[in-house]
Amino acid sequence: MVTEPNNWGRFGPDDQRGTLNLLTPSVVLDALRSAVSGEVLSLAMPIRGATSSPAPGTVPHLPGRPLPQHFMSVDGGDYAAGARPIGAGLRVADDALIVTHHGTTTHMDALCHMWSGDELYNGHPAARVRSYGATRCGIEHVGGVVARGVLYDVPRRLGLDHLPAGHRIPAELLEEIAVPRAGDVAVIRTGWPLVWERSREEYWSGQPGLSAEAGRWLAAHDVAAVASDNAAIGGLDARGLAEEPIEDDLHLLLLHRHGVHLIEMLWLEELAAAGRTEFVFVAAPLRIEGGTGSPLTPLAIL
157 MVTEPNNWGR
167 FGPDDQRGTL
177 NLLTPSVVLD
187 ALRSAVSGEV
197 LSLAMPIRGA
207 TSSPAPGTVP
217 HLPGRPLPQH
227 FMSVDGGDYA
237 AGARPIGAGL
247 RVADDALIVT
257 HHGTTTHMDA
267 LCHMWSGDEL
277 YNGHPAARVR
287 SYGATRCGIE
297 HVGGVVARGV
307 LYDVPRRLGL
317 DHLPAGHRIP
327 AELLEEIAVP
337 RAGDVAVIRT
347 GWPLVWERSR
357 EEYWSGQPGL
367 SAEAGRWLAA
377 HDVAAVASDN
387 AAIGGLDARG
397 LAEEPIEDDL
407 HLLLLHRHGV
417 HLIEMLWLEE
427 LAAAGRTEFV
437 FVAAPLRIEG
447 GTGSPLTPLA
457 IL
């Protein structure tokens, strides 16, 4: 059992949704008032899958992670080669897409994704994470997320295009931009995806992110989720690892101890250009039973 302040037991002994429980109908209705123009922006990176081209490697990703694969079970070439149509004049294309989302595309982490010791969030036994998936705290418990999104455009606040790799965002800087309400989704822009087109080596040299104190500050303000355009919410070193001691690891702090879902590798440039701090945030992960996460297309409704 963790001993520092946490949300274990707060939403009941069987809870598997964490601070998403704060998104009550009244909170959701209040969040919808954040939309003014009705413009809808996608906050997702593209998924480029292929088995015979470099397409998957052209999207920001962490090295060493399996990239998306896209297979066609039947396509136009099959019919050109003489395949029988399924009906008079009727042809169909059918495909299969394999995405290992952690570190390769926009995704949401489930509460079973990381833990310390023998227990998942809320004291669920870690042994319930099996070879076929997690029987506790899987991504299928998330459902739909509709909340007020609050954009923390940290580079713009500091007069930069993007944060440097070693930058760790302090809590006081977040507080200068906005103080979240309970049930908000805190969306953190580092600008780091912009580095990808300039230099993949630079992108892989490390990543900026939240400091542990900033993570604790967000948890103390009862955010429903934390989202960022970097790959791990917190910062990474050149090995793709967090440098903080285990008690300050952002995944353990937010996912494990506070039940705050994490959404990573967003594309936030159009949202930042719109100049809106508040908006309606919408996301619905795939209902993968026992999944440690899911690819995601978050939306911002301005």
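The numbers in the working numbering rise by one with no breaks, and the one at position 32 of the sequence shown is 188.
Where a beta carbon is used, it is the ideal one built from N, C-alpha and C, also for glycine.
What you are looking at is a predicted structure, and each value in this text was computed from that prediction instead of being measured.
Using CA atoms only, rank isn't needed, just tell me which of the options is closest to residue i.
i    : options                   : result
E445 : L218, F167, L267 and T291 : T291
V248 : T262, M270, D231 and H257 : D231
L255 : A370, F227, L422 and L424 : Residue 255 is actually Val in this sequence, not Leu. V255 has its Cα closest to that of F227, out of A370, F227, L422 and L424.
S190 : W348, R337 and Y359       : R337
D265 : L458, I457 and V382       : V382
G174 : R166, T180 and P161       : R166
I203 : P222, V298 and L458       : P222
W423 : L397, H257, P161 and L199 : L199
R395 : D251, H258 and P219       : P219
A370 : D170, T433, V335 and S193 : V335
L276 : S384, D170, E331 and G194 : D170
G315 : T346, G289, R304 and N162 : T346
N163 : A429, F437, L408 and V301 : L408
A387 : R312, I402, A430 and W348 : W348
V302 : P441, W271 and V310       : P441
T261 : D309, S355, E160 and D385 : D385
M270 : A430, L406, V436 and F435 : L406
E434 : E195, D251, G168 and S229 : E195
R312 : G259, R372 and A430       : A430
For residue i, write down the residues that DSSP places opposite it in a beta bridge.
i    : result
Q225 : I254
D265 : L418 and G449
A381 : V341 and H417
E434 : V306
S272 : E275
L246 : G243
I444 : Looking at the DSSP assignment, I444 forms no beta bridge with any residue, so it has no partner.
G259 : DSSP, once it has assigned bridges, lists no residue as partnering G259.
A439 : V301
Taking only the alpha-carbon atoms, compute the straight-line gap between residue i and residue j and give it to the nearest angstrom.
i    : j    : result
D404 : L307 : 23 angstroms
L197 : E358 : 28 angstroms
G339 : G273 : 28 angstroms
E400 : R324 : 11 angstroms
A206 : T214 : 11 angstroms
G294 : P224 : 21 angstroms
P326 : A439 : 27 angstroms
M157 : G299 : Summary for M157: the model assigns pLDDT 48, below 50, so the residue's position carries little reliability, and this model does not support an answer.
S450 : H263 : 5 angstroms
I333 : A211 : 37 angstroms
L397 : L374 : 22 angstroms
E426 : V285 : 38 angstroms
I344 : I242 : 49 angstroms
L253 : P216 : 18 angstroms
L178 : V341 : 11 angstroms
E331 : A376 : 12 angstroms
H414 : V379 : 10 angstroms
A428 : H257 : 24 angstroms
S193 : R304 : 15 angstroms
H297 : L458 : 27 angstroms
I402 : L329 : 24 angstroms
R432 : W360 : 30 angstroms
G289 : L411 : 17 angstroms
L350 : V310 : 14 angstroms
L267 : M201 : 22 angstroms
R356 : S209 : 18 angstroms
E353 : R240 : 44 angstroms
P181 : F437 : 15 angstroms
Q172 : G259 : 23 angstroms
Determine whether the Cβ of residue i lies closer than 8 angstroms to any Cβ atom of chain C.
i    : result
L442 : Of the protein chains in the structure, only one exists, and it is not chain C.
Practice problem: Kindly provide the ranges of any beta strand (DSSP E) runs that are 3 or more residues long and lie completely inside the stretch 274-308, ordered along the chain. | Solution: none
Quiz item: Taking one C-beta from the stretch 172-186 and one from the stretch 442-457 each time, how about it: are there three or more such pairs within less than 8 angstroms?
Solution: With a cut-off of 8 angstroms, the stretch 442-457 and the stretch 172-186 do not count as touching, because too few Cβ pairs lie within range.
Quiz item: Is the stretch 313-326 in contact with the stretch 352-369, if contact means three or more CB pairs nearer than 8 angstroms?
Solution: yes
Self-check item: Three-pair Cβ contact test at 8 angstroms for the stretch 389-403 versus the stretch 233-240
Solution: no
Quiz item: What are the complete alpha helix (DSSP H) segments, minimum 4 residues, inside the stretch 173-233?
Solution: 181-188
Quiz item: Do the stretch 411-429 and the stretch 448-458 meet, that is, are 3 or more Cβ pairs less than 8 angstroms apart?
Solution: yes
Quiz prompt | Segment contact flag, the stretch 239-247 with the stretch 277-286, C-beta cutoff 8 angstroms, min 3 pairs | solution = no
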